[in-house]
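Read the structure below first, then the notes.
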Amino acid sequence: MTSAAGPGEDADRRNVSDAAGVVVLGACAVWALITATVHGGRPEGVLLAVLAVAAGYAAGRICGALLPVAALCAAASAGVGLAVAAPRLSPGPEIIAPLGHAGGTAAVLTLSTGAVCCAAWAARTPAKRLALRVPAAGIVATAAVLGSVGGCVASAAVLLASLAAGRMRGHRTAGFAGLALAAALSTGLPWAIGGKTLPEGLSVALEGQLTRHRIDLWHDALHMAHHDAALGVGPGRFGELSATATRTLLSDGKPHSAPLQQAAEQGVVGVILLAAAFCWMLYTLWRSPRPTPVVLTAGAALTALAAIASVGNALSFTTVSVGAGLLAGLATARPLTDGSPLQETTARPTGDRSAP
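When you read off a place in the sequence shown, starting at 1, and then add 481, the result is the number in my numbering.
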């Protein structure tokens, strides 16, 4: 027995999701301007990131509607090509590893894996789906060859999550709840380490992987957040106020943790808005008419990106912001042609209560 959702209901869902995105992204931009005005900060980086996400999302919705499979493959190919040809992603000083540009490379490879896995689920035949999973495994191998440990682990996790998503067609809500929980746990890690709330043995083990320098940056960010929890120190001012960053010969002026950077530079509201932007992406995927495996795969890639950004500077690169918005747009676009599987809103088992 099936239930049908007409085009009017589908349009209503899209209108709600799009309106929520406009409100959240607009609030991020406005709050950056407010905190910059109060403390004399530099909001250009935040404004550029907001614009990049919005542009990527809009482009994804358009391209995904016209070429539901090919657009995803093209996005994945572009991401891998960029990571291989220009691993630094942007001009600037060559920061000493494991900081620097490693987080950006890992994020691009992770999003590329998510895109090609989404393409596999959007393909019409099992043979095409299997063929498209081969490049996904190739991206994992490429990350290993490039020496991107984070990219290799995150890409492998996205590939495995995509395979598992095929068994969750009737449990979309449970899948997204699990992704939200995973994001919350990974985001809380730098807070716990920076605030010295973890057991000593575990802290020492993690310090060996994360480096003392990175953890010192996190301590500085928490100190700034405690000093002015309401407004922070202002966008773009962490580098000039952090003792750890100022005594480093080559520093990018970032605390290498997106949530801690928001807390330090834009206060509690900045952290809430960053979380709201991520939740909006999961929300729009959850309400999407695309098949559950497609949207869950995209959600897994964005969750992996959140984990990378919580312990690195991935979101400092415009390429990553565009890629995140592009993947979300591609995975939520309703194809105008019949080149993808039948939409779940057309025929969904009554036991699937995954989307309204």
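Backbone N, C-alpha and C fix where the C-beta goes; we use that ideal spot for every residue, glycine too. Just so it is clear, the structure is predicted and the values come from calculations on it, not from any experiment.
Query	Result
What's the gap between the Cα of R650 and the Cα of G717?	43 angstroms
Within 10 angstroms of the Cβ of M482, are there 16 or more other Cβ atoms? Answer buried if so, exposed if not.	Summary for M482: the model assigns pLDDT 33, below 50, so the residue's position carries little reliability; its value from the coordinates is reported in the next sentence. M482 should be labelled exposed.
How long is the line joining the alpha carbons of L613 and A724, rounded to whole angstroms?	48 angstroms
Should the segment 776-783 be called in touch with the segment 634-641, which here means at least 3 C-beta pairs below 8 angstroms?	yes
I'd like to know if the segment 798-811 and the segment 674-681 are in contact, where contact means that at least 3 CB-CB pairs between them fall below 8 angstroms.	no
Alpha carbon to alpha carbon, how far is T727 from D701?	11 angstroms
I'd like to know whether the C-beta atoms of C633 and A617 end up nearer to each other than 9 angstroms.	no
Rank G720, T729, G810 by C-alpha distance to the C-alpha of H694 and give the top, closest one.	T729
Use the C-beta contact count for A500: other C-beta atoms within 10 angstroms, 16 or more gives buried, fewer gives exposed.	exposed
So L786 and V776 are supposed to be a Cβ contact under 8 angstroms. How far apart are they, rounded?	L786 to V776, Cβ: 15 angstroms. No contact.
Leaving aside the five residues before and after A517 along the sequence, list all residues of the same chain whose C-beta is less than 7 angstroms from its C-beta, in chain order.	R523, P524, G715, P716
With distances taken from CA atoms, which of G659, A601, V615 is nearest G647?	A601
Short check: CB of D697 to CB of S797, under 9 angstroms?	no
Between the beta-carbon of A587 and the beta-carbon of A635, is there less than 9 angstroms?	yes
Let me know the secondary structure DSSP gives A701 once reduced to three states.	Residue 701 is actually Asp in this sequence, not Ala. Note: D701 maps to helix in three-state DSSP.
Check each candidate in I620, H520, L547 and name the one with the smallest Cα separation from A564.	I620
Name the two residues that bound the continuous alpha helix (DSSP H) containing S593.	583-603
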